[in-house]
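J.: After the structure tokens below, expect a handful of questions from me.
This is the structure:
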């Protein structure tokens, strides 16, 4: 384009040292430093650097480039890589750029113990071979064991754990919610990056990262170091990393499949689950894991909806309006809404009114279309959201009417659907672009889409709503996969359900008092009270476990001359019978037995338990 030519041509620069400025000198190559468009221009310039290397695989991200090839012998790899390096050198000379051999390294990925380094040359300088190399934030080692990367992530996270420890002081520190947000932003973001790639590492290395999350959960909860690890993640509502890695993998794959020109999309669509994958001892590749996960959800790689890139850059002026939408909707009576709708309909006497609606009940979802001359119904898959059902109703209506004679005004009670069509470029829903194509290709004035309030007694809207509810009883015949953003929620629900199943079958002592995952109410208490309740629930307190650190004898109750335990203090010791009465009354009010499970669960208000400990003199010894 001409504006780019003018932007990078006839440029001059001067050098300033102190108060002395040199005379201007012309700049023949390069782009202006600090400009917004300069990174894009640089990427366009080097985009064809490897186009003359057809026999190798490569990836290019900004100025970070990687070339690789697989073969049975090192000699065959050298024979293919050296011409590619020579082609890159010639390209750099022709374009006025200079490669950096000192920053270029080579690696041989093999399980062999000893192998000689091949002679590769870049710009006349030999390339050094290393056992591991960082590329785009990930450390690759020659055996792809991911050991170096995992231990590097551990070291970086441990530095952030010290910050978390300082902020989480037991006396004056931040509350649990703030600490959890700090952990997610500082530490878990590092654990998440490329985690689905190194999930094929051995369990010994992956357990190193699990300990990071255990330590962070202890700090957030204020639990003692001797607290059992099997309940820390559940109590802090942190998904175990093994499920987290699977979730991130499936979310990444669903996003890749929604981009038509993504380089990984072809690899995913061409994958075939060979039988020997499940028979070998080696871990499955990432593509195989994603395939199995999608199979368990009754999803297929080739069913993820795709929006062509040309649609995103097309110019649309869609006839989608919200003429009846006003800010003070709650102040109008149903009769007033009906009158306003009739007035709007009378403005378009030549248009045939059609009403669309979507319905959802539990896992059932459907769409309905009603007009005085026809009606349509469709049962949709259980992964469909209400928004997708509303959009599909409009799409189904337009698909039915686009080849019919006449003008039609389509009424929908989904304001979000109207907003998606009015702001088509900010929408990522595939149905929005499918609807936009039909509206844009139809003859001028054939369609008009209007918003109408729902459940206001408007006859057409009520008929469409009734059809949408009737469609829930139809057999499922529509193949409609959710878009990428809605599929994320489905995947999160799926893996949270798997985590709940694993938690329900665990032998943890926390399970009886926390059968369902989620953030417990007591975690919202002030920091001191929250730490007290946490340590009671884990049954690891100072007065019961301090002897393990000081290597002394277990404590003994001076009143009963028996070993001092948490059940003894809370339930048995007769010295605290009077102070214990509010606890008994709280259990009786909730119609629950007076036992440890009831006292430590949400059945008893936390303030009652705190008051008892304060009266018994044990509040400062927890």
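Residue numbers (the UniProt record's numbering): 1 to 622. We put the beta carbon where it would ideally sit given N, CA and C, even for glycine. As the structure is a prediction and not an experimental result, all values here were calculated from the model.
Assuming residue 587 is part of the alpha helix (DSSP H), what are its boundary residues?
T.: 577 to 589
J.: Looking at the unbroken alpha helix (DSSP H) that takes in residue 133, where does it start and where does it end?
T.: Premise fails: residue 133 lies in the beta strand (DSSP E), 132 to 135, not in any alpha helix (DSSP H).
J.: Distance, Cα to Cα, residue 114 vs residue 485?
T.: 47 Å
J.: With residue 343 as the anchor, note down where its alpha helix (DSSP H) starts and where it stops.
T.: 334 to 346
J.: In angstroms with no decimal places, state the Cα-to-Cα distance between residue 640 and residue 528.
T.: Residue 640 lies beyond the residue range present for the chain, which begins at 1 and ends at 622; the question has no answer from this structure.
J.: Quick check on DSSP: helix, strand or coil for residue 656?
T.: There is simply no residue 656 to check, as the chain begins at 1 and stops at 622 in what is shown.
J.: Whole angstroms are fine: how far does the CA of residue 55 sit from the CA of residue 217?
T.: 49 Å
J.: Could you pull out every unbroken alpha helix (DSSP H) segment of at least 4 residues lying fully inside the UniProt domain "Reverse transcriptase" (1 to 140), listed in chain order?
T.: Positions of the alpha helix (DSSP H) runs, each at least 4 residues long and wholly inside the UniProt domain "Reverse transcriptase" (1 to 140), are given as 2 to 8, 38 to 45, 74 to 95 in order along the chain.
J.: Whether or not the stretch 185 to 202 and the stretch 492 to 504 are in contact is what I'm after, with contact meaning three or more pairs of Cβ atoms, one per stretch, closer than 8 Å; do they touch?
T.: Cβ pair count under 8 Å is below three, so no.
J.: Do residue 379 and residue 482 have their C-beta atoms within less than 9 Å of each other?
T.: no
J.: Taking the Cβ atom as the reference point for each residue, do residue 246 and residue 293 lie within a distance shorter than 9 Å?
T.: yes
J.: What does the alpha-carbon distance come out to for the pair residue 200 and residue 541?
T.: 38 Å
J.: Quick one: grab the DSSP three-state call for residue 448.
T.: strand
J.: Leaving aside the five residues before and after residue 107 along the sequence, list all residues of the same chain whose C-beta is less than 8 Å from its C-beta, in chain order.
T.: 129, 130, 131, 132, 133, 140, 142
J.: Note the first and the last residue of the continuous beta strand (DSSP E) segment covering residue 365.
T.: Judged by DSSP secondary structure, residue 365 falls within the beta strand (DSSP E) whose first and last residues are 364 to 370.
J.: Should the stretch 229 to 241 be regarded as contacting the stretch 208 to 215, the criterion being three or more beta carbon pairs within less than 8 Å?
T.: The stretch 229 to 241 is in contact with the stretch 208 to 215.
J.: Buried or exposed: where does residue 61 fall if 16 or more other Cβ atoms within 10 Å of its Cβ makes it buried?
T.: When all chains shown are included, residue 61 counts as exposed.
J.: What first and last residue would you give for the beta strand (DSSP E) that runs through residue 419?
T.: Per DSSP, residue 419 belongs to no beta strand (DSSP E); it is in the alpha helix (DSSP H), 415 to 422.
J.: Is it the case that the stretch 284 to 292 contacts the stretch 412 to 429, given that we only count it when at least three CB pairs across the two stretches are under 8 Å?
T.: no
J.: Just how far apart, CA to CA, sit residue 90 and residue 136?
T.: 26 Å
J.: Count the other CB atoms, across all protein chains shown, that sit within 10 Å of the CB of residue 350; report buried if there are 16 or more and exposed otherwise.
T.: exposed
J.: Inspect the beta-carbon positions of residue 344 and residue 392 and report whether they are closer than 9 Å.
T.: no
J.: Have a look at 318, 569, 326, 171 and flag the residue whose alpha-carbon is nearest the alpha-carbon of residue 616.
T.: 569
J.: Between which two residues does the beta strand (DSSP E) harbouring residue 354 extend?
T.: 351 to 361
J.: How many angstroms separate the CA atom of residue 471 from the CA atom of residue 354?
T.: CA-to-CA, the gap between residue 471 and residue 354 works out to about 17 Å.
J.: Helix, strand or coil for residue 375, going by three-state DSSP, please let me know.
T.: strand
J.: Kindly confirm or deny that the stretch 431 to 441 and the stretch 312 to 320 touch, where touching means at least three C-beta pairs closer than 8 Å.
T.: yes
J.: Would a C-beta distance cut-off of 9 Å place residue 197 and residue 138 closer than the cut-off?
T.: yes
J.: At a cut of 8 Å, does the stretch 514 to 530 reach the stretch 597 to 612 through at least three beta carbon pairs?
T.: Contact holds: three or more Cβ-Cβ distances are below 8 Å.
J.: Could you check whether residue 232 and residue 530 sit closer than 9 Å to each other, using their CB atoms as the reference points?
T.: no
J.: For residue 153 and chain D, any beta-carbon pair shorter than 9 Å?
T.: The question asks about chain D, but that chain is absent: this structure has only one protein chain.
J.: Buried or exposed: where does residue 365 fall if 16 or more other Cβ atoms within 10 Å of its Cβ makes it buried?
T.: Its Cβ being crowded by 16 or more others within 10 Å, residue 365 is buried.
J.: From the DSSP output, in three-state form, read off residue 316 for me.
T.: Three-state result, residue 316: coil.
J.: For residue 34, does the count of other Cβ atoms within 10 angstroms reach 16, so buried, or fall short, so exposed?
T.: exposed
J.: Would the beta-carbon of residue 307 fall within 9 Å of that of residue 447?
T.: no
J.: Kindly identify the DSSP beta-bridge partner or partners of residue 197.
T.: Answer is none; residue 197 lacks a bridge partner.
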